[in-house]
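Notes to accompany the following structure.
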Amino acid sequence: MPITEHPPIGTLLACNFDAGFKEPEMIGRRLVIVVTPKISMRKGLCTVIPLSETAPHVVMPYHHQIIFDPPLPDSWGNHPRWLKGDMIVSVGFHRLDFIREGKDRGGKRQYRYTPIPDDLLRQVRKCMLSSLGLGILTKHL
Numbered sequence: 009m010p011i012t013e014h015p016p017i018g019t020l021l022a023c024n025f026d027a028g029f030k031e032p033e034m035i036g037r038r039l040v041i042v043v044t045p046k047i048s049m050r051k052g053l054c055t056v057i058p059l060s061e062t063a064p065h066v067v068m069p070y071h072h073q074i075i076f077d078p079p080l081p082d083s084w085g086n087h088p089r090w091l092k093g094d095m096i097v098s099v100g101f102h103r104l105d106f107i108r109e110g111k112d113r114g115g116k117r118q119y120r121y122t123p124i125p126d127d128l129l130r131q132v133r134k135c136m137l138s139s140l141g142l143g144i145l146t147k148h149l
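Quick note, in this note's numbering, the sequence shown goes up one by one and the last residue is 149.
Have a look at this one:
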């Protein structure tokens with residue numbers, strides 16, 4: 009079920025890049041990290057950076073390997089992901105969903121809402137700035 013409100017910066021979500029996207033754009037269902045706050049004049053849109061299971065051919069300043077702690081749910085696999093800082097994209101809420109953690113004893117779905125740690129968010133921002141040609145600003149983070 010898609011999100012209905014803009015999540016906090018650093019929230020890990022699932023994004024459906026299938027409809028309307030073609031290679032070399034990001035495609036498929038992927039994990040993403042929210043990188044901007046709610047912007048009042050952009051209702052229904054969220055800016056995210058996708059993660060990939062595939063390591064880049066050449067690691068650049070806008071890439072970063074992430075190992076999640078706590079681990080991801082089994083449905084996503086618990087292997088490292090690569091932040092693709094050069095693939096920043098704004099997508100509609102209809103493409104985004106919280107990460108399902110499983111079900112509680114009563115059968116109610118449980119979701120991951122906790123944003124990523126501050127040190128990882130700083131690294132995400134460094135990658136984002138580097139991808140925009142603003143790597144010199146990373147010394148201020």
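Don't be surprised by glycine CBs; every beta carbon is placed ideally from N, CA and C.
Residue i versus residue j: straight-line alpha-carbon distance, rounded
i: Phe25; j: Arg38; result: 7 Å
i: Leu53; j: Gln73; result: 26 Å
i: Pro69; j: Ile35; result: 22 Å
i: Leu142; j: Lys116; result: 44 Å
i: Ile75; j: Pro88; result: 5 Å
i: Ala22; j: Val42; result: 10 Å
i: Thr79; j: Asn86; result: The residue you asked about is not Thr; residue 79 is Pro in the sequence shown. Near 6 Å, if we compare the C-alpha coordinates of Asn86 and Pro79.
i: Ile47; j: His14; result: 9 Å
i: Leu91; j: His71; result: 5 Å
i: Asp112; j: Pro10; result: 20 Å
i: Val40; j: Ser98; result: 11 Å
i: Asp126; j: Lys51; result: 26 Å
i: Thr12; j: Met49; result: 16 Å
i: Val66; j: Leu129; result: 22 Å
i: Asp77; j: Lys147; result: 26 Å
i: Ser139; j: Glu33; result: 15 Å
Distance cut-off 8 Å: residue i Cβ against heavy atoms of the ligand ZN
i: Leu128; result: Judged by which ligands are present, the structure shown has none, so any question about the ligand ZN falls away.
Member of the options whose CA lies at the smallest distance from the CA of residue i
i: Asp105; options: Val56, Glu33, Ser48 and Glu31; result: Val56
i: Val132; options: Ala27, Asp94, Phe101 and Asp112; result: Asp94
i: Asp82; options: Ile107, His102, Lys51 and His148; result: Ile107
i: Gly110; options: Trp84, Arg130 and Lys134; result: Trp84
i: Gly28; options: Gly114, Ile144, Gly100 and Leu145; result: Gly100
i: Thr44; options: Pro32, Glu33, Leu20 and Pro16; result: Pro16
For residue i, three-class secondary structure by DSSP
i: Gly36; result: coil
i: His87; result: coil
i: Ser60; result: strand
Contact check, residue i vs residue j, beta carbons under 9 Å
i: Gly18; j: Ile124; result: yes
Count Cβ pairs between the segment 54 to 65 and the segment 116 to 123 that sit closer than 8 Å; are there 3 or more? no
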